[in-house]
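See structure below.
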Amino acid sequence: MDSEPVWERVRRRYVDVSGGRWQPDTQRRLMGMNTEEWTRYLGELGVPGGAEKIATDVIDAMAEEYRTHLPVIDGAPEVVRRLGRHWPLGLASSSPRRLIDVALAAMELTDEFRVTLSTEEVARGKPAPDAYLEVARRLGVPADRCVAVEDSSNGVRSAAAAGMRVAAVPHGSYPLDPDAEQLAALVLSHVTELTEETVPPARSPRIQQVDWGRMTVDGLGEGKDFKLYPGGGRPWDWSETGTRHEPGIQPADVEELLDHGATQVVLSEGFDGRLRVDPATLLFLQERAVDVHVARTGEAVELYNTLAAREPVGGLFHSTC
């Protein structure tokens with residue numbers, strides 16, 4: 095739904111009529127706040143009456159706007175139904191529960207979502223990650239295996255902070271801030287461009303720590319060596335395909351990374367650079383138009399974590415030699 099202009103119109107009018115003072119950056123600050131947060135903020139703008147009254151008045155006015163005209167984005171309900179045939183869907187919305195339920199029922203989309211959540215139901219609204227983390231928990235899916243669809247800067251920040259890859263569809267009147275745009279894996283001009291083919295792969299898990307002989311990876315815990323890719327990974331026995339220090343990492347070692355959607359690959363040579371990469375492996379990746387980065391383990395981990403925020407990256411990491 096194209097709800098932000100409605101929220102801006104309703105809250106701006108309410109602030110003005112109540113004797114408050116709308117600020118130039120008010121709408122941008124409000125985007126993503128939960129009900130407790132935005133009612134408190136409207137009070138800071140000079141709106142009298144207390145949080146409960148402010149919330150009731152504004153939500154009543156929003157419900158009346160929805161009854162008059164539901165601001166459905168052309169083609170959006172069809173996108174939801176189509177993607178719902180391929181993946182379980184969850185909704186993490188800054189709207190109050192009452193408005194979420196009214197809108198979904200009016201669009202006949204209630205049953206398309208396995209989980210729906212209002213930021214009223216968590217401690218912090220967007221840009222904090224609370225809502226997205228809770229939706230992932232209720233879906234029973236690790237957050238780094240989820241993709242979020244967002245239209246606001248605070249929404250993008252929230253989903254990215256939860257460890258999700260983000261497909262951004264910014265509103266024409268509220269462009270993304272530069273830092274938020276950098277966090278998005280994909281930026282689309284209209285939600286109908288979101289298809290089974292354009293949905294970005296889930297985020298590759300972040301390497302939290304690496305020391306000699308030990309690594310810690312989000313969602314995978316501790317281990318010596320890891321094979322990581324978009325949406326997950328596993329411990330890596332680097333001899334499972336016959337790999338040794340020489341001639342090094344084999345084509346068979348990297349095939350699994352590509353099978354999981356990696357378009358960039360980071361290969362670590364060990365801390366001392368003793369694990370080589372077979373030239374046949376580099377040729378194999380080149381023929382498949384995959385960008386490959388080879389570095390000693392410390393540098394490889396740093397590069398991989400940077401790429402994982404935006405790219406479908408895979409990697410092989412060896413924590414000794």
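Basically this note's numbering = 1-based index in the sequence shown + 94.
C-beta atoms are modelled at their ideal positions from N, C-alpha and C, and glycine is treated no differently.
What you are looking at is a predicted structure, and each value in this text was computed from that prediction instead of being measured.
Close-in-space but distant-in-sequence residues of the same chain around residue i (CB under 7 Å, 5 per side omitted)
i    : result
N399 : R300, I301
V173 : V285, T286, L288
V243 : A261, V263, L288
R239 : A296, G325, G326
D372 : P341, G342, I343, Q344
T310 : Q302, Q303, E316
W132 : L124
L227 : A237, A256
M127 : Y135, S188, G219
R368 : H339, C415
L379 : V348, V359, V386
Endpoints, beta strand (DSSP E) assigned at residue i
i    : result
P269 : Here P269 belongs to no beta strand (DSSP E), and DSSP marks it neither H nor E.
G113 : Careful: G113 lies outside any beta strand (DSSP E) and carries neither H nor E.
S362 : 358-362
T286 : Unbroken run through T286: none, as it is neither H nor E.
L321 : Checking the sequence shown, residue 321 turns out to be Lys, not Leu. It spans 319-323 - the beta strand (DSSP E) in which K321 sits, taken as one unbroken run.
P341 : First-last for P341: undefined, no H or E at that position.
L203 : Note, L203: premise wrong, no beta strand (DSSP E); not H, not E.
Selection from the options that minimises the alpha carbon distance to residue i
i    : options                : result
V250 : R115, P221, R232       : P221
G47  : E316, G307, M95        : Residue 47 lies beyond the residue range present for the chain, which begins at 95 and ends at 415; the question has no answer from this structure.
R123 : G113, V111, L136, S112 : L136
V209 : D224, P182, S189       : P182
A359 : G114, V166, V395       : Per the sequence shown, the amino acid found at residue 359 is Val instead of Ala. When each option's Cα is compared against that of V359, the closest is V395.
A356 : E349, R115, V141, G408 : G408
G169 : L361, D96, R218, Q121  : D96
D312 : D319, S298, K318       : S298
E98  : E138, R134, E363, S187 : S187
A157 : S189, R179, L139       : S189
M125 : S267, D195, Y323       : S267
R191 : V348, K321, A383, T129 : T129
P294 : L177, E102, F320       : L177
Y160 : W132, A200, G143, G140 : A200
A253 : A225, R231, H265, L233 : A225
D271 : E291, G257, S246       : S246
D305 : S413, F207, V141       : S413
E381 : E275, H265, T133, L352 : L352
L322 : A402, F207, A374       : A402
N248 : A230, G219, V229, R232 : G219
A230 : G257, E206, A217       : G257
T292 : I194, T391, V241       : V241
P165 : L233, G307, M127, V100 : V100
L376 : V348, R232, E393, F365 : V348
V235 : G184, F320, T391, G392 : G184
E290 : V196, F365, E202, H180 : H180
Q121 : V196, E275, P269       : P269
Bridge-paired residues (DSSP) for residue i
i    : result
T242 : Checking the displayed sequence, the identity of residue 242 turns out to be Ala instead of Thr. Per DSSP, V260.
T210 : L185
V304 : M309
H486 : Since the first residue of the chain shown is 95 and the last is 415, residue 486 is not available in this structure.
L352 : Answer is none; L352 lacks a bridge partner.
E316 : T310
L410 : K321, L361
V371 : I343
V216 : According to DSSP, V216 bridges with nothing at all.
L280 : A261
Start and end residues, alpha helix (DSSP H) containing residue i
i    : result
I194 : 191-200
Q121 : 120-124
G249 : 247-255
R176 : 170-178
L136 : 129-138
V152 : 145-162
P328 : Checking the sequence shown, residue 328 turns out to be Arg, not Pro. Per DSSP, R328 belongs to no alpha helix (DSSP H); it is in the beta strand (DSSP E), 326-329.
D96  : Segment: none, D96 is in no alpha helix (DSSP H) and carries neither H nor E.
V229 : 224-233
Close-in-space but distant-in-sequence residues of the same chain around residue i (CB under 6 Å, 5 per side omitted)
i    : result
A346 : T335
L198 : T204
R404 : A279
L361 : I343, V371, V388, L410
R232 : V209
Close-in-space but distant-in-sequence residues of the same chain around residue i (CB under 8 Å, 5 per side omitted)
i    : result
V111 : none
R370 : H339, E340, P341, G342, I343, E363
V104 : V152, A155, M156, E159
V141 : Y108, V109, S112, G113, G114, I148
L277 : V250, R251, A254, V260, A403, R404
**OP:** Take every Cβ of the segment 212-226, pair it with every Cβ of the segment 160-179, and state whether three or more of those distances are shorter than 8 Å.
**Re:** Segments in contact, no.
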